[in-house]
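There are 2 protein chains.
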Amino acid sequence: LLKTGVLHPPGRGLLQAQEIQYMAPPLSDISGVTEGSSMRQRMEKFIVTLQAELCSALEEEEDPKYKFRVDRWTREEGGGGITCIIQDGHVFEKAGVGVSVVHGLIPPSAVAQMNARGKKLPEGQEMPFFACGISSVIHPRNPHVPTLHFNYRYFEVQESSGQTRWWFGGGCDLTPYYLDEEDAKNFHTTLKTACDKHNTKYYSKFKAWCDDYFRIKHRNISRGVGGIFFDDLDSDAEKCFQFVRSCGNAVIPSYLPIVRKNKDLGYGYDERQWQLIRRGHYAEFNLVYDRGTKFGLYTPGARYESILMSLPLNAKWEYMHSPAPGSKEYKLTEILKNPKEWV
Amino acid sequence: LLKTGVLHPPGRGLLQAQEIQYMAPPLSDISGVTEGSSMRQRMEKFIVTLQAELCSALEEEEDPKYKFRVDRWTREEGGGGITCIIQDGHVFEKAGVGVSVVHGLIPPSAVAQMNARGKKLPEGQEMPFFACGISSVIHPRNPHVPTLHFNYRYFEVQESSGQTRWWFGGGCDLTPYYLDEEDAKNFHTTLKTACDKHNTKYYSKFKAWCDDYFRIKHRNISRGVGGIFFDDLDSDAEKCFQFVRSCGNAVIPSYLPIVRKNKDLGYGYDERQWQLIRRGHYAEFNLVYDRGTKFGLYTPGARYESILMSLPLNAKWEYMHSPAPGSKEYKLTEILKNPKEWV
Numbered sequence: 030l031l032k033t034g035v036l037h038p039p040g041r042g043l044l045q046a047q048e049i050q051y052m053a054p055p056l057s058d059i060s061g062v063t064e065g066s067s068m069r070q071r072m073e074k075f076i077v078t079l080q081a082e083l084c085s086a087l088e089e090e091e092d093p094k095y096k097f098r099v100d101r102w103t104r105e106e107g108g109g110g111i112t113c114i115i116q117d118g119h120v121f122e123k124a125g126v127g128v129s130v131v132h133g134l135i136p137p138s139a140v141a142q143m144n145a146r147g148k149k150l151p152e153g154q155e156m157p158f159f160a161c162g163i164s165s166v167i168h169p170r171n172p173h174v175p176t177l178h179f180n181y182r183y184f185e186v187q188e189s190s191g192q193t194r195w196w197f198g199g200g201c202d203l204t205p206y207y208l209d210e211e212d213a214k215n216f217h218t219t220l221k222t223a224c225d226k227h228n229t230k231y232y233s234k235f236k237a238w239c240d241d242y243f244r245i246k247h248r249n250i251s252r253g254v255g256g257i258f259f260d261d262l263d264s265d266a267e268k269c270f271q272f273v274r275s276c277g278n279a280v281i282p283s284y285l286p287i288v289r290k291n292k293d294l295g296y297g298y299d300e301r302q303w304q305l306i307r308r309g310h311y312a313e314f315n316l317v318y319d320r321g322t323k324f325g326l327y328t329p330g331a332r333y334e335s336i337l338m339s340l341p342l343n344a345k346w347e348y349m350h351s352p353a354p355g356s357k358e359y360k361l362t363e364i365l366k367n368p369k370e371w372v
Numbered sequence: 030l031l032k033t034g035v036l037h038p039p040g041r042g043l044l045q046a047q048e049i050q051y052m053a054p055p056l057s058d059i060s061g062v063t064e065g066s067s068m069r070q071r072m073e074k075f076i077v078t079l080q081a082e083l084c085s086a087l088e089e090e091e092d093p094k095y096k097f098r099v100d101r102w103t104r105e106e107g108g109g110g111i112t113c114i115i116q117d118g119h120v121f122e123k124a125g126v127g128v129s130v131v132h133g134l135i136p137p138s139a140v141a142q143m144n145a146r147g148k149k150l151p152e153g154q155e156m157p158f159f160a161c162g163i164s165s166v167i168h169p170r171n172p173h174v175p176t177l178h179f180n181y182r183y184f185e186v187q188e189s190s191g192q193t194r195w196w197f198g199g200g201c202d203l204t205p206y207y208l209d210e211e212d213a214k215n216f217h218t219t220l221k222t223a224c225d226k227h228n229t230k231y232y233s234k235f236k237a238w239c240d241d242y243f244r245i246k247h248r249n250i251s252r253g254v255g256g257i258f259f260d261d262l263d264s265d266a267e268k269c270f271q272f273v274r275s276c277g278n279a280v281i282p283s284y285l286p287i288v289r290k291n292k293d294l295g296y297g298y299d300e301r302q303w304q305l306i307r308r309g310h311y312a313e314f315n316l317v318y319d320r321g322t323k324f325g326l327y328t329p330g331a332r333y334e335s336i337l338m339s340l341p342l343n344a345k346w347e348y349m350h351s352p353a354p355g356s357k358e359y360k361l362t363e364i365l366k367n368p369k370e371w372v
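Line by line, the protein sequences give chains A and B. With the first sequence counted from 1, adding 29 to any position gets you the working numbering. With the second sequence counted from 1, adding 29 to any position gets you the working numbering.
Here you go:
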């Protein structure tokens with residue numbers, strides 16, 4: 030395993046391929062990947078690199094005695110993944126950063142689900158597919174540090190005509206337990222800057238999409254303060270990839286400063302209880318509504334441990350819990366009811 | 030409110046209507062209900078009576094300082110319910126016993142869901158419906174006391190032809206954290222006895238249905254050691270009601286002896302941790318697979334607090350948790366993988 034010594038700081042500019050170290054050997058041979066290589070390979074190289082950079086950056090914030098556990102796994106049907114977790118750490122109660130690079134035959138049920146959102150793939154046939162992506166949920170210990178989620182993915186489907194359909198999807202969003210407006214603004218600003226480089230319409234469109242997607246419908250609240258979310262990006266492969274790469278590279282600068290700023294703030298029993306209640310809401314969203322989680326759990330033979338790594342280490346469900354009007358918890362709830370513009 | 034003093038012990042034989050006290054005023058006027066009354070009324074009377082009996086029986090096992098909180102609620106579209114909860118008690122970490130008696134127009138999406146399991150209702154029209162049921166989940170504090178779930182319900186739909194379609198459904202199942210074979214056997218035997226009085230084929234059929242229904246498919250384990258489960262019972266209204274009543278009346282004798290026997294057994298940190306992990310699995314089942322929960326959460330305007338009262342007060346998700354081979358936790362897992370015959 031190549032886990033040892035991911036030493037380069039994030040945002041260090043262009044690297045030579047041989048300098049890059051990953052959390053574990055990539056699923057494919059990506060040693061000679063260049064800008065002329067296939068999108069599958071370029072995307073895989075990007076996600077395993079981002080995984081190593083993020084794990085390294087998170088370990089920098091963590092007590093040195095907690096390091097990422099690295100599980101490299103393969104699936105019978107084709108491909109595999111690298112799942113990295115810090116659990117019950119000092120700074121991170123549960124932090125998961127996973128990549129997967131899988132291929133095989135896409136089940137008709139998955140095709141039906143994709144067509145339900147307007148994909149127009151031929152139904153009733155098992156088409157060859159390729160998918161790779163990075164997915165991460167960071168649940169910090171301190172209730173003053175928000176939970177982060179992001180996911181960037183690339184999908185290819187081979188139609189029986191021989192035609193290949195492809196698209197990118199992803200997003201990044203923040204779930205605070207206590208609202209720090211400055212943090213929310215900075216987070217959104219960093220994402221907006223990453224978007225604006227590619228298309229000045231992206232941020233507002235994908236910000237609205239995020240607010241719409243991460244809605245806990247039965248509670249009529251948002252999961253958090255949002256971020257960006259998009260799917261089915263399929264207009265120009267090179268441009269899409271550049272955009273997704275910018276978004277991925279914005280994760281560390283958008284989140285790490287928030288961790289650093291808040292991780293040592295004081296808190297007590299009440300703040301922890303509120304954090305646990307909100308983590309229950311988080312679990313509800315992921316298990317009831319999240320497309321990726323449901324798709325994963327309904328797929329026979331899926332690695333459910335990697336899918337469920339998004340769930341918090343601890344969660345709580347109190348009947349009829351509601352924060353006292355005017356309290357800090359109440360203020361957050363008001364924001365969750367009515368998503369606002371942060372930039 | 031009529032909450033005070035539900036004094037009669039369960040299984041006390043025939044009662045005069047005026048002796049019965051409920052947890053709160055019933056949703057309909059059921060004061061003059063006899064065997065000649067409508068099924069709607071007879072079922073409502075049965076469930077509010079069972080609710081009061083069960084709450085009373087559970088309070089008997091609990092530290093007297095913890096009593097059921099009673100919330101009587103109504104819904105704009107018609108009907109309402111009575112939700113009773115003990116939370117953070119000494120014996121019961123979370124015990125919910127709810128009844129609902131609702132009517133209105135059934136949304137087309139619900140009709141589609143029913144037809145998906147073979148109901149053959151006319152689609153694309155909003156039919157008047159009536160539904161009433163009792164639903165309960167008891168999560169005890171002590172890991173040596175299993176979680177209990179049961180639900181018995183009656184459904185009526187008015188087709189546009191004027192014809193009324195009706196059916197009963199329900200079930201009762203046990204989720205131990207540590208396996209006590211004698212408890213599992215006694216539990217199943219009590220349910221079998223209740224079934225056998227009505228149809229000697231019911232127990233084995235509904236036991237198998239239960240094993241099939243309460244399966245956490247992604248983990249390839251059952252939620253617990255099962256019990257009975259059935260739906261769409263619609264052959265002879267009187268016989269169906271008698272059967273459902275027997276099942277409902279079997280809840281207290283099937284479960285209370287298990288609570289009494291185990292509630293004061295010693296346990297420590299490890300047993301609590303295992304209980305929390307298994308409660309995570311319980312939450313997964315309810316949020317990902319349970320038809321009633323999903324149906325409820327997807328219904329606009331549903332009282333989500335009453336639906337989610339089934340969730341444990343505390344739950345835990347540890348990445349790659351697996352009990353040591355040969356341990357007591359491991360033995361339970363083996364049973365969950367392969368449901369067995371208990372009677």
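A virtual CB, placed ideally from N, CA and C, is assigned to each residue, including glycine.
Next on the checklist: Report the CB separation of B:Leu375 from B:Gly198 in whole angstroms; it is logged as a contact under 8 Å.
Outcome noted: Because chain B spans 30 through 372 in this model, residue 375 of chain B falls outside it and cannot be assessed.
Checklist entry - Using DSSP with H/G/I as helix, E/B as strand and the rest coil, what is A:Ile114? => result The residue given as residue 114 of chain A occupies position 85 in the first sequence. The DSSP-derived three-state label of A:Ile114 is strand.
Checklist entry - Name the chain B residues that come within less than 8 Å of A:Leu134, Cβ to Cβ? => result One-based indexing of the first sequence puts residue 134 of chain A at position 105. Within chain B, not a single residue places a beta-carbon under 8 Å from that of A:Leu134; the smallest gap is close to 20 Å.
Checklist entry - Taking the Cβ atom as the reference point for each residue, do A:Ile245 and A:Phe314 lie within a distance shorter than 8 Å? => result Taking the first sequence and counting its residues from 1, one reaches residue 245 of chain A at position 216. Taking the first sequence and counting its residues from 1, one reaches residue 314 of chain A at position 285. In terms of Cβ geometry, A:Ile245 and A:Phe314 form a close pair [threshold 8 Å].
Checklist entry - Where do the ends of the beta strand (DSSP E) carrying B:Trp195 lie? => result Counted from its first residue, the second sequence places residue 195 of chain B at position 166. Start and end: Thr193 to Thr204.
Checklist entry - Residues of chain A with CB under 7 Å from B:Met338, in chain order? => result Your numbering for residue 338 of chain B matches position 309 in the second sequence. Chain-ordered, the chain A residues with CB closer than 7 Å to the CB of B:Met338 read Tyr348.
Item to check | A:Phe216: first and last residue of the uninterrupted alpha helix (DSSP H) it sits in | outcome: Here residue 216 of chain A refers to the residue found at position 187 of the first sequence. Segment Glu210 to Asp225, the alpha helix (DSSP H) holding A:Phe216.
Item to check | Interface flag, A:Ala81 vs chain B, CB-CB below 8 Å | outcome: The sequence position of residue 81 of chain A within the first sequence is 52, counting from 1. Not closer than 8 Å to any Cβ of chain B, the Cβ of A:Ala81 fails to qualify, so no.
Next on the checklist: Restricting to Cα atoms, I'd like to know which of A:Glu106, A:Glu105, A:Leu83 and A:Gly110 is closest to A:Phe97.
Outcome noted: Counting from 1 along the first sequence, the entry for residue 97 of chain A is found at position 68. It is A:Leu83.
Checklist entry - By the 10 Å Cβ neighbour count, where 16 or more other Cβ atoms means buried, how is B:Ser85 classified, buried or exposed? => result In the second sequence, counting from the first residue as 1, residue 85 of chain B sits at position 56. Buried, since its Cβ has 16 or more Cβ neighbours within 10 Å.
Checklist entry - Between A:Lys12 and A:His227, what straight-line distance do the alpha-carbon atoms span, to the nearest angstrom? => result Chain A is shown from 30 up to 372; residue 12 of chain A falls before or after that span and cannot be answered.
Next on the checklist: Let's see if you can read the secondary structure: which residues bound the alpha helix (DSSP H) around B:Arg289?
Outcome noted: The residue labelled residue 289 of chain B in the question sits at position 260 within the second sequence. Ala266 to Asn291 is the extent of the alpha helix (DSSP H) around B:Arg289.
Next on the checklist: Just to check my reading of the structure: B:Ala331 and A:His247 have Cβ atoms closer than 8 Å, yes? What is that Cβ distance to the nearest angstrom?
Outcome noted: Within the second sequence, numbered from 1, the residue matching residue 331 of chain B stands at position 302. Within the first sequence, numbered from 1, the residue matching residue 247 of chain A stands at position 218. The Cβ separation is near 7 Å, so the contact holds.
Checklist entry - Can the beta-carbon of B:Gly153 be found less than 8 Å from the beta-carbon of B:Ile76? => result Taking the second sequence and counting its residues from 1, one reaches residue 153 of chain B at position 124. Taking the second sequence and counting its residues from 1, one reaches residue 76 of chain B at position 47. Cβ atoms of B:Gly153 and B:Ile76: not closer than 8 Å.
Next on the checklist: Contact between the region 87-97 of chain B and the region 115-127 of chain B is defined here as three or more beta-carbon pairs at a separation below 8 Å; is this criterion met?
Outcome noted: Segments in contact, yes.
Checklist entry - Per the contact definition of three or more C-beta pairs closer than 8 Å, is the region 354-362 of chain B in contact with the region 275-282 of chain A? => result No contact exists between the region 275-282 of chain A and the region 354-362 of chain B.
Checklist entry - Roughly how far, in whole angstroms, is the beta-carbon of A:Leu134 from the beta-carbon of A:Pro157, given that I think they are within contact range, below 8 Å? => result Taking the first sequence and counting its residues from 1, one reaches residue 134 of chain A at position 105. Taking the first sequence and counting its residues from 1, one reaches residue 157 of chain A at position 128. Between the beta-carbon of A:Leu134 and that of A:Pro157 there is about 6 Å, and that keeps the pair under the 8 Å contact cut.
Checklist entry - Per DSSP, A:Ala124 forms a beta bridge with which residues? => result For the purposes of this step, residue 124 of chain A is taken as the residue at position 95 of the first sequence. Beta-bridge partners of A:Ala124 (DSSP): A:Ile115 and A:Ile167.
Checklist entry - Can you find a CB in chain A that lies within less than 8 Å of the CB of B:Val166? => result Within the second sequence, residue 166 of chain B is the residue found at index 137, counting from 1. False, the Cβ-Cβ gap to chain A never drops below 8 Å.
Item to check | Close beta carbons around A:Arg289, own chain, < 7 Å, minus the five adjacent residues each side | outcome: Locating residue 289 of chain A in the first sequence gives position 260, where the first residue counts as 1. Cβ within range, chain order: Glu90.
Next on the checklist: So with CB distances below 7 Å, who are the chain B contacts of A:Tyr359?
Outcome noted: Within the first sequence, residue 359 of chain A is the residue found at index 330, counting from 1. Those do not exist, as A:Tyr359 stays about 18 Å from chain B at its closest Cβ, beyond 7 Å.
Checklist entry - According to a CB-to-CB cut-off of less than 7 Å, which residues of the region 80-101 of chain B neighbour chain A? => result Answer set for the region 80-101 of chain B: empty.
Checklist entry - Can you tell which of B:Thr328, B:Tyr242, B:Ile306 and B:Leu337 has the C-alpha that lies nearest to the C-alpha of B:Leu316? => result On the second sequence, position 287 is the one that residue 316 of chain B refers to. Taking the Cα of B:Leu316 as reference, the smallest distance to any Cα among B:Thr328, B:Tyr242, B:Ile306 and B:Leu337 is reached at B:Leu337.
Item to check | Collapsed DSSP secondary structure at A:Leu87 in the structure displayed | outcome: Within the first sequence, residue 87 of chain A is the residue found at index 58, counting from 1. A:Leu87 falls in the helix class under three-state DSSP.
Item to check | Outcome for B:Glu88 when other beta-carbon atoms lying within 10 angstroms are tallied against a minimum of 16 | outcome: On the second sequence, position 59 is the one that residue 88 of chain B refers to. Buried.
Checklist entry - Can you list the residues of chain A that B:Ala344 reaches, using a CB-CB cut of under 7 Å? => result In the second sequence, counting from the first residue as 1, residue 344 of chain B sits at position 315. Within chain A, Ala344 have C-beta atoms less than 7 Å from the C-beta of B:Ala344, given in sequence order.
Checklist entry - So which of A:Pro329, A:Gln302 and A:Ala266 has the shortest CA-CA distance to A:Arg194? => result Residue 194 of chain A sits at position 165 when you count from the first residue of the first sequence. Nearest Cα to A:Arg194 within the set A:Pro329, A:Gln302 and A:Ala266: A:Ala266.
Next on the checklist: Using only the alpha-carbon positions, how far apart do B:Asp212 and A:Trp346 sit?
Outcome noted: For the purposes of this step, residue 212 of chain B is taken as the residue at position 183 of the second sequence. For the purposes of this step, residue 346 of chain A is taken as the residue at position 317 of the first sequence. Separation of B:Asp212 and A:Trp346 (C-alpha to C-alpha, rounded to the nearest whole angstrom) is 28 Å.
Next on the checklist: If we define contact as Cβ-Cβ less than 8 Å, is B:Val317 a contact residue for chain A?
Outcome noted: Along the second sequence, one-based indexing puts residue 317 of chain B at 288. Closer than 8 Å: yes.
Checklist entry - Cβ of B:Ile59 within 8 Å of Cβ of B:Gln50? => result On the second sequence, position 30 is the one that residue 59 of chain B refers to. On the second sequence, position 21 is the one that residue 50 of chain B refers to. Result no, Cβ atoms of B:Ile59 and B:Gln50 do not sit closer than 8 Å.
Item to check | Under 8 Å by beta carbon: chain A residues contacting B:Leu326 | outcome: Looking up residue 326 of chain B in the second sequence gives position 297. In chain order: Lys246, His247 and Val317.
Item to check | Near-chain B residues of the region 112-123 of chain A (beta-carbon distance less than 9 Å), N- to C-terminal order | outcome: Taking 9 Å as the Cβ-Cβ cut-off against chain B, the residues of the region 112-123 of chain A that qualify are Thr112, Ile114, Gln116, Asp117 and Lys123.
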